[in-house]
Amino acid sequence: MSYLVLARKWRPKRFAELVGQEHVVRALTNALDTGRVHHAFLFTGTRGVGKTTIARIFAKSLNCEKGTSADPCGECGACRDIDAGRYIDLLEIDAASNTGVDDVREVIENAQYMPSRGKFKVYLIDEVHMLSKAAFNALLKTLEEPPEHVKFLLATTDPQKLPVTVLSRCLQFNLKRLDEPQIGGQITRILAAEGIEADEGAVRQIAHAADGSLRDGLSLLDQAIAYAGGALRDDGVRTMLGTVDRTQVGAMLDALAEGDGDRLLKVIAALADFSPDWDGVLDALAEALHRVQVRQLVPGAATELEGIDADNFAERLRPEVVQLWYQMALGGRRDLPLAPSARAGFEMTVLRMLAFRPAAGGEGKREAAPANAGSGRATASTSTASAAPTASANTASAPKPASPATVAPANGHDSPPWPEPEATHQRQPIAPSQATAPPPVERAAPVAPRPAPVATPAATAPTNEPAAVEASFSSDIGITNAEVWLHFASSNELKGATRQLVENAAFAGYSHGVLQLSLDAGFDYLRSDRAVRDLGEAIAQRYGVAPKISFLGAAQGSETLRQRSDRERGEQQVSAEQDFLQHPDVQRLMQQHGAKVVPDSIRPYEE
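Okay, structure coming up:
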């Protein structure tokens, strides 16, 4: 019994059957209908988005026996042979296994011959970026001026590796990743045609796990059908994928909001029974926090997330706490490989969230969040502080109960571990209140020049301390010095103009969320909006913080990645020359046989 996998069985055979990629379909359709068909096309995009499928449909449109059009008949011999993969004038070449110049030379030699059956001889070169440099050079002339009966269709997942000379000779189409509704809709249609019952939640899980690739989604669907042996249910698909139940994520958030460490660890223990991917659990937790934050700050743009009561958490948590937990989740994913075990790393991440949960009574309302994120209950603090001048000196610090609006540890105590003699002497009359509310002026008291009246610091403390707490977290996050900048510049995966910008910019300073970079005037052309935006997104992805980026002129003493690389390369070259010339064998050859070292012929071992 022969079984054809769903990805092949349901491969689109006409442009109208494609899922997504409307921008590519429109361009190719217009070209075919008007007869303005270029001789070389380049299709780029991630795996499973339709590059090879579009190329085959395009070849079928060119060679259909009923005439060249954007809607091939699908019934003639040429159409059926192309669908079956046996058409003699459609030559599919896997560049990953045919990388050499000899393989390309064979293509060039055969290109001069007329097609055997159809109107055009079509060369479909998949993963074209795998060709060697010599192979690309051999292909250039034919790619630029091919015979009239030859069309080149190139496909690649990594266009950055293609020479510019190849890119300039092709019409390039970048295929987009498919969104979850598109993948889910196609899966639903296939299940209906196959007569398989499925829960809506199961389809959503598969579409989410496909990560923008329809072929991956159909492969997962094949696996789910085999696993379930019948109807697809939520629990079965979740077990197969190893994903976390979002109700468990909601239970973790509820325990964090309540400060219930015992219940939090019990939820984690229940999750551990299913051996989940802890990185995936952190991803689900970050996604839930994102939905809560959107519900708080932009209620009109909020969308529902299954298993998460976003409205409830939006009322119970302050926006700045949600932001802090979100950054902790991202940092936990980054640090997970360094933990003793994946579960230990996950537990430390959520326990860190527990340590920085909001103090009792510090819940923030959604309506106050957009304007006063970080200010807590400003109204209560202000009204209490305004009454302070009428009180006596010993009771002037009465506004301290308003301090739960700050981010506090889980135990409710925010007092420093070091002794504060003056502050202790002045606050002895109100010592009982320190057990229930952390005094917001304790940190500022040691730096006061003299025991001034307490009313002024008490009135300003509720607005100053949240900024101080926020600064204490942000100062240790992101690119804060030149060494961190150089490490980021040397280890990121940026490409093109953004990569050049990073290599030629030097760290100039970081303050209050603004990253200052110095850039020589000769590289001002690299400061495009797109490059700066891509740089900010890369920094946010790495460090969890998206700073504002500003540029200064070239600064003395600062070093760019390019300058450091040149300096290190020069030092290695000098060291290599010295080591070579001081070698006893080399000195003996020079002394006894008059040997001479050819200038610039010595290279370090690394090269």
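Here the sequence shown is numbered in the numbering used here, starting from 298 and rising by one per residue. Glycine included, every Cβ here is placed at the ideal spot set by N, Cα and C. Being a predicted model, the structure only gives us computed values, none of them experimental.
Requested in this report: Mind checking which residues open and close the beta strand (DSSP E) that includes Ala-802?
Outcome: Ala-802 -> beta strand (DSSP E) spans 802-808.
**Report entry** Other residues of its chain near Gly-482: CB distance less than 7 angstroms, five sequence neighbours each side excluded
**Finding:** Within the same chain, and ignoring the five residues on either side of Gly-482 in sequence, no residue has its Cβ closer than 7 angstroms to its Cβ.
Query - As assigned by DSSP and simplified to three states, the class of Val-894 - result: It is coil, neither helix nor strand.
Requested in this report: Enumerate, from N- to C-terminal direction, the unbroken alpha helix (DSSP H) stretches of 4 or more residues contained entirely within the segment 302-330.
Outcome: For the segment 302-330, whole alpha helix (DSSP H) runs of length 4 or above, ordered along the chain, are 303-306.
Query - Lys-310 versus Ala-652: straight-line alpha-carbon distance, rounded - result: Cα atoms of Lys-310 and Ala-652: separation of roughly 57 angstroms, rounded to the nearest angstrom.
**Report entry** Cβ neighbours of Asp-368 in the same chain (closer than 8 angstroms, five flanking residues each side left out)
**Finding:** These residues qualify, in order along the chain: Arg-311, Phe-312, Ala-313 and Ser-358.
Query raised in the report: Are Ala-375 and Glu-389 touching if we call contact CB-CB under 8 angstroms?
Result: Not in contact: Ala-375 and Glu-389 (Cβ atoms no closer than 8 angstroms).
**Report entry** Exposure label - His-890; buried when at least 16 CB within 10 Å
**Finding:** Burial call: exposed.
Query raised in the report: Between which two residues does the beta strand (DSSP E) harbouring Ile-390 extend?
Result: Here the beta strand (DSSP E) through Ile-390 covers 387-391.
Query raised in the report: Which class does Asn-609 belong to by DSSP, given the choice of helix, strand or coil?
Result: Residue state for Asn-609 is assigned as helix, using DSSP reduced to three classes.
Requested in this report: Quick one: which unbroken alpha helix (DSSP H) runs of 4-plus residues sit fully inside the segment 515-539? Chain order, please.
Outcome: The qualifying runs are 531-538.
Report task. Output the boundary residues of the alpha helix (DSSP H) element that contains Asp-632. Result -> Asp-632 -> alpha helix (DSSP H) spans 616-632.
Query raised in the report: Buried or exposed: where does Phe-449 fall if 16 or more other Cβ atoms within 10 Å of its Cβ makes it buried?
Result: Buried, because 16 or more other Cβ atoms sit within 10 Å of the Cβ of Phe-449.
Query raised in the report: Buried or exposed: which applies to Ala-892, given that a residue is buried once 16 or more other Cβ atoms fall within 10 Å of its Cβ?
Result: Result: exposed.
**Report entry** Selected residue, minimal CA-CA separation from Asn-471, among Ala-873, Asp-632 and Thr-341
**Finding:** From the listed residues Ala-873, Asp-632 and Thr-341, the smallest Cα separation to Asn-471 is found for Thr-341.
Query - Asn-471: first and last residue of the uninterrupted beta strand (DSSP E) it sits in - result: If you look at Asn-471, you'll find it in the beta strand (DSSP E) that goes 468-471.
Query - Unbroken stretches of the beta strand (DSSP E), 3 residues or longer, contained in the segment 390-427 - result: List check, beta strand (DSSP E) in window: 418-423.
Query raised in the report: Ala-554 lies in the alpha helix (DSSP H); which residues open and close that run?
Result: Its alpha helix (DSSP H) spans residues 543-555.
Query raised in the report: Which residues in the same chain have their Cβ closer than 6 angstroms to the Cβ of His-335, if we skip the five residues on either side of it in sequence?
Result: Short of 6 angstroms from the beta carbon of His-335, and not among the five residues preceding or following it, lie these beta carbons of its own chain, in chain order: Leu-468.
Requested in this report: Give the single residue among Asp-400, Arg-333, Leu-579 and Asp-455 whose Cα lies nearest to the Cα of His-426.
Outcome: Ranking Asp-400, Arg-333, Leu-579 and Asp-455 by Cα distance to His-426 puts Asp-455 first.
Query raised in the report: Enumerated in chain order, which unbroken segments of the alpha helix (DSSP H) with a length of 4 residues or greater are wholly contained in the segment 830-899?
Result: Entirely contained in the segment 830-899, the alpha helix (DSSP H) runs reaching 4 residues are, in chain order, 858-878 and 881-890.
Requested in this report: Find out if the Cβ-Cβ distance for the pair Val-419, Leu-440 is shorter than 8 angstroms.
Outcome: Contact: no.
Report task. Please report how far the alpha carbon of Gly-547 lies from the alpha carbon of Leu-561, in whole angstroms. Result -> Cα-Cα distance, rounded: 11 angstroms.
**Report entry** Enclosing beta strand (DSSP E) for Val-447 [first to last residue]
**Finding:** Its beta strand (DSSP E) spans residues 447-453.
Query - Closest by C-alpha distance to Ser-254, when choosing among Asn-327, Asp-574, Ala-786 and Met-887 - result: There is no way to answer for residue 254, as the model of the chain reaches only from 298 to 904.
**Report entry** Ala-583 beta carbon less than 8 angstroms from that of Val-541
**Finding:** Not a contact, by the Cβ cut-off of 8 angstroms.
Query raised in the report: Per DSSP, Gln-813 is paired with what?
Result: Paired residue(s): Gly-806 and Ser-847.
Report task. Tell me whether the beta-carbon of Ser-815 lies closer than 8 angstroms to the beta-carbon of Ala-802. Result -> It is a contact, given that the beta carbons lie within the stated cut-off.
Query raised in the report: Where do the N-terminal and C-terminal ends of the beta strand (DSSP E) with Phe-338 fall, by residue?
Result: For Phe-338, the enclosing beta strand (DSSP E) stretches over residues 337-341.
Query raised in the report: Opposite Leu-602 in the DSSP bridges: which residues?
Result: Within the DSSP secondary-structure output, Leu-602 pairs in a beta bridge with Ile-605.
Query raised in the report: Is it true that the CB of Thr-343 sits closer than 8 angstroms to the CB of Ser-572?
Result: Going by beta carbons, Ser-572 and Thr-343 fall outside the 8 angstroms limit.
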